[in-house]
Structure formats: C-alpha cells, structure tokens
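As structure tokens, the structure follows; a few thoughts come after it.
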Amino acid sequence: MLHPSDFFDLSDESVAIFFVDCDLVWQAVPHIGRHVARLTGAKQTILGEISPGAYIGDSPIYIGKNARIEPGAYVHGPAYIGEGAVVRHGAFLRENVILMPGSVLGHASEAKNSLFLPGAHAPHFNYVGDSILGHRVNLGAGTKLSNLGILSQKDPGSGKRPTINLLIESREYDTGLAKLGAILGDDVQTGCNAVLNPACLVGSRTLIYANLSLRKGYHPADSVVKLRQTVRRIDKNNR
121 MLHPSDFFDL
131 SDESVAIFFV
141 DCDLVWQAVP
151 HIGRHVARLT
161 GAKQTILGEI
171 SPGAYIGDSP
181 IYIGKNARIE
191 PGAYVHGPAY
201 IGEGAVVRHG
211 AFLRENVILM
221 PGSVLGHASE
231 AKNSLFLPGA
241 HAPHFNYVGD
251 SILGHRVNLG
261 AGTKLSNLGI
271 LSQKDPGSGK
281 RPTINLLIES
291 REYDTGLAKL
301 GAILGDDVQT
311 GCNAVLNPAC
321 LVGSRTLIYA
331 NLSLRKGYHP
341 ADSVVKLRQT
351 VRRIDKNNR
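Just so we're aligned, residue 121 is where the sequence shown starts under the numbering used here, counting upward by one.
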C-alpha cells in the first residue's frame, strides 16, 4: 500500500532508479538532491532553449533537448530539466528539482526539492515543496503542496524541527522528515485552489476537488475526494 510501486509505474528504469531501496514511498524524498547531482554531473549542460529574459543560476543545471525556459523564469538550481520539459514565464525553480521529460512548472509556480515524473504538470500559481508528482499528474490553478506544518517550530536547544508522523490503518509511522509535501500517484488531479497539507499520500488516479484542504495521511487510489458546501442565495433587498 505504501511502496513506491503502489503509486507509480516503475517499469521504466529511468523512473525506478529514484526509488531503489525505498520500502516506503516518502523515503525517496531526501535523496532527490543526490539524483540531481547524478543527472547533472555537477556541471551545466544547456541543450534546450533559454528565452531572452530568463535567468539561469550558477549551480549545476541540465536542460535537455527541446526543453524551454521562458522569459521571466528563474532556474536557481541545482536542477535537471529533461527533454521537452517547460519552465514557464515567471516560474521559480529552486534547489534540487527534477523535471522529467514532458513535465511543466508553470506561470508563477515554485518548486523545491521535488521530483516531477514524465508528463507531470504544475502549470498555474502552484507551490510544490518536498514532493513527488507521478506520471501525468495535473495540479489545478492555485494548488499548494504544503511541506511544513504550522506547529513545526524549531527546538530552542537543538535548533531542529520535529519529524512528521503518520497514522495509517492504526499503524504509526515516523517519516524521519521535518519537511514533507505530497506524494501524488500516477494520473492524480487536483481542482483549483486545493491545499494539500504536509504528508498527503494520494493513490493513483484519485481526483481532489477544488478549494479542498486535504488532511495528511493516506488517500486511496481511484477515489474522488469532494468538498461539501452549503450555498445560500437571498434577494439583494432582503439581505
């Protein structure tokens, strides 16, 4: 239920390598930086298009063939941007981000320490932190993948934040991570302005409705997660 193969198609070796020795899907998140270093070779390789007005930092960055960095985008890096991937106008690509072929970081969107599997899109006003987006995931406009709990203050003595715990089917898991965004299985979609709280694990093909604040924990595959609202209409003259 929580193995990477329960969330993602791992038949492609270029995808499976991110999850080697991971028994629990979130265990891949702290290794994203290591894979960025492997894929970039600790140097800059620019094979794609960098539009005038885009900014590329000095960190190791790989930009593949037919990839495009649009005007106003800032690729800080280290980062790997695969073939045909797009970083759109006004996007901010921070440290340790992998955009696999065909993926998109869109307008006014920000990503850090995250893995986008092939065809994953965060296209409009999104935040993606310490997260993994499966094949063909699509985030609705304004979707935020929060990675840090509001009560996660640093300990005054050690300076460390508490790690995130999950309760799944009566079993408690310590993720060992102070920051953990969302793990979205293949073909997951979110509606506009959805907020996924830290440590949301969403199974493949699940749909998350607009404006919903999703609590941490495991949400099974092939589900529809709805927000119920009561809407009342009154006459303007009787308000």
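Just so it is clear, CB atoms sit at the ideal spot from N, CA and C, and this is done for glycine as well. This one's a predicted model, so the numbers in the text were calculated from it and none came from an experiment.
Please state if the CB of residue j and the CB of residue i are separated by a distance shorter than 8 Å.
{"i": "I181", "j": "L167", "result": "no"}
{"i": "A233", "j": "N258", "result": "Note on identity: in this sequence residue 233 is Asn, with Ala being the wrong assignment. Result no, Cβ atoms of N233 and N258 do not sit closer than 8 Å."}
{"i": "D250", "j": "V315", "result": "no"}
{"i": "H155", "j": "F127", "result": "no"}
{"i": "G192", "j": "G177", "result": "no"}
Mark residue i as exposed unless 16 or more other C-beta atoms lie within 10 angstroms of its C-beta, in which case mark it buried.
{"i": "Y200", "result": "buried"}
{"i": "V351", "result": "exposed"}
{"i": "P198", "result": "buried"}
{"i": "E289", "result": "exposed"}
{"i": "A240", "result": "buried"}
{"i": "A162", "result": "exposed"}
{"i": "Q309", "result": "buried"}
How many angstroms separate the CA atom of residue i from the CA atom of residue j?
{"i": "K299", "j": "L235", "result": "15 Å"}
{"i": "P221", "j": "D307", "result": "16 Å"}
{"i": "G269", "j": "N313", "result": "18 Å"}
{"i": "V135", "j": "R281", "result": "31 Å"}
{"i": "V207", "j": "Q147", "result": "27 Å"}
{"i": "V275", "j": "E203", "result": "Residue 275 is actually Asp in this sequence, not Val. Each residue's Cα considered, the two are about 43 Å apart."}
{"i": "I189", "j": "P318", "result": "29 Å"}
{"i": "N267", "j": "E169", "result": "31 Å"}
Check the C-beta distance from residue i over to residue j and give it rounded, since I have them as a contact under 8 Å.
{"i": "I328", "j": "G301", "result": "So it is not a contact: roughly 14 Å between Cβ atoms."}
For residue i, would you say it is in contact with chain C, using Cβ-to-Cβ distances shorter than 8 Å as the test?
{"i": "E190", "result": "Among the protein chains of the structure shown there is no chain C, as only one such chain exists."}
For the region 249-335, list the beta strand (DSSP E) runs that are entirely contained and at least 3 residues long, ordered along the chain. 285-288, 291-294, 302-304 and 320-322
Tell me the start and end of each unbroken beta strand (DSSP E) in the region 133-176 that is at least 3 residues and wholly inside, in chain order. none
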